[in-house]
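Taking it in order: structure first as structure tokens, then the write-up.
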Amino acid sequence: MFERKQIALSIGDGIRFTKNVKRRGQKFFNNELRTVIGIDEGRIIFDKGEMLRNGSALHIDQGIAVTSHASQAKTVDQVIVSVPVRSFSQANEAQFYVSMSRGRCGMLIFTDSKVALREAVTRRSRRRCYIF
Numbered sequence: 024m025f026e027r028k029q030i031a032l033s034i035g036d037g038i039r040f041t042k043n044v045k046r047r048g049q050k051f052f053n054n055e056l057r058t059v060i061g062i063d064e065g066r067i068i069f070d071k072g073e074m075l076r077n078g079s080a081l082h083i084d085q086g087i088a089v090t091s092h093a094s095q096a097k098t099v100d101q102v103i104v105s106v107p108v109r110s111f112s113q114a115n116e117a118q119f120y121v122s123m124s125r126g127r128c129g130m131l132i133f134t135d136s137k138v139a140l141r142e143a144v145t146r147r148s149r150r151r152c153y154i155f
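Residues in the sequence shown are numbered from 24 upward in steps of one, following the numbering used here.
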């Protein structure tokens, strides 16, 4: 659910777009991560030279943490995954693979039961795939 609010941005901050945006020939995609490289005369300048006007309705949020669902097709240097026992009903082999395969250099897993986590992530996903 979208909630309009102000956020503080500084050069070097990571942001995440929360909606597809097309404006003046520029395209930003939902869950796309960008880095702020400049703030100049009411404009926010992102890496790759893209710019948006400050003050316009931007669907952005801090790009610090991303869900495993939103991280599909993305690669980062390090992945930190929190899987507490209370979320084990959502854990399965497919979800665990997506979470852990995003990291290029390192992965950290935090859980309150290593034995129960092993059982949860070896369950097959209920989602069926059909090949035609």
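A virtual CB, placed ideally from N, CA and C, is assigned to each residue, including glycine.
Residue i, DSSP secondary structure in three states
i, result
"G72", "helix"
"K28", "coil"
"I67", "strand"
"R147", "coil"
"I34", "coil"
Minimum C-alpha distance to residue i - residue among the options
i, options, result
"S148", "I103, R127 and F111", "F111"
"F51", "I60, S124, R39 and V59", "R39"
"L56", "V121, K42, R146 and E116", "K42"
"Q118", "L32, E64, R66 and A93", "A93"
"L32", "S124, I68 and R46", "I68"
"Q127", "V106, D100 and R141", "This sequence places Arg at residue 127; Gln is not what is there. Taking only the C-alpha atoms, the option nearest R127 is D100."
"N54", "I30, E64, T98 and R76", "T98"
"I103", "V89, Q95 and M130", "M130"
"K28", "I83, L75, R66 and K71", "I83"
"I30", "K71, E64, L81 and Q49", "L81"
"V106", "E26, A88, F133 and V89", "F133"
Contact set for residue i: own chain, Cβ-Cβ below 7 Å, skip 5 residues either direction
i, result
"I34", "V59, I60, G61 and I62"
"V108", "D135, S136 and A139"
"S91", "Q118, V121 and S122"
8 Å Cβ shell around residue i - same chain, five flanking residues per side excluded
i, result
"D20", "Look at the range of the chain in this structure, 24 to 155, and you will see that residue 20 is not part of it."
"R47", "none"
"Q113", "none"
"R66", "M74, L75, R76 and N77"
Own chain partners of residue i with C-beta closer than 6 Å, once the 5 adjacent residues on each side are dropped
i, result
"N115", "R146 and S148"
"V44", "F51"
"E143", "The identity of residue 143 in the sequence shown is Ala, whereas the question assumes Glu. So the list reads F111 and A114, once near-sequence residues are dropped."
Range of the contiguous beta strand (DSSP E) that encloses residue i
i, result
"V44", "V44 to R46"
"Q49", "Q49 to F51"
"I83", "I83 to Q85"
The alpha helix (DSSP H) enclosing residue i, as first and last residue numbers
i, result
"L56", "Run containing L56: none in the alpha helix (DSSP H); it sits in the beta strand (DSSP E), L56 to D63."
"R141", "K137 to V144"
Those runs of the beta strand (DSSP E) which lie wholly inside the region 98-133 and span at least 3 residues: 99-105 and 126-133
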